[in-house]
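Each position in the sequence shown, counted from 1, maps to that position plus 169 in the numbering used here.
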Amino acid sequence: MENNEIKGNVSEGRTVLVAEDVESNFLLLKAIIGKMYNLLHAWNGKEAVEIYEQFQPDLILMDIKMPEMDGLEATRIIRKVSQEIPIIALTAFAFDDDRVKALEAGCNDYLTKPLSAPLLKETIAKYLV
């Protein structure tokens, strides 16, 4: 994939799929990283899987609790197709058990809400090198 060959500005041409069912949470993410990355938005896990298959983003921010299909199930389905795509779980659930479930489902990392903007940017940058 050509985007992986980009040197210099890490964010140049990078696309992040944001799976988030709460519009205000998506708008917050857009405000934090929208100028750094091209954003795609899925309202639920089912849409996240469909958008991933269609657009092949560089990274996925996956909310865990969503209608129709939760983020853990969507992650498991995406992992059957790709082990390479970085998936970062975003959740209001801060218990160790929730972190373990997210990692077992195939998430590469785990961030809790409310999000820290610097930590979010740092975590994304860690995977999009």
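Yeah, the Cβ is synthetic: ideal placement off N, Cα and C, and Gly gets one too.
Taking the alpha helix (DSSP H) that residue i belongs to, which residues open and close that run?
i           : result
leucine 198 : 192 to 202
Assuming residue i and residue j make a contact with CB atoms under 8 Å, what is their CB distance in whole Å?
i             : j              : result
leucine 209   : leucine 230    : Incorrect: roughly 10 Å between the Cβ atoms, too far for contact.
alanine 188   : alanine 243    : 7 Å
alanine 294   : isoleucine 233 : No, alanine 294 and isoleucine 233 are not in contact; Cβ-Cβ is about 22 Å, not under 8 Å.
aspartate 190 : methionine 235 : 4 Å
alanine 274   : arginine 245   : 5 Å
Start and end of the beta strand (DSSP E) containing residue i?
i          : result
valine 298 : Counting along the chain, valine 298 falls outside any beta strand (DSSP E), and DSSP gives it neither H nor E.
Sort out for me which residues DSSP pairs residue i with in a bridge.
i              : result
asparagine 207 : Thr184
Minimum length 4: unbroken alpha helix (DSSP H) runs contained in the segment 217 to 294 = Fully enclosed alpha helix (DSSP H) runs of 4 or longer: 240 to 250, 265 to 274.
Decide yes or no for the touch test of the segment 277 to 285 against the segment 256 to 268: beta carbon pairs closer than 8 Å, at least 3 of them.
-> The segment 277 to 285 vs the segment 256 to 268: in contact.
On the three-pair Cβ rule with 8 Å, is the segment 214 to 224 touching the segment 192 to 203?
-> The segment 214 to 224 vs the segment 192 to 203: no contact.
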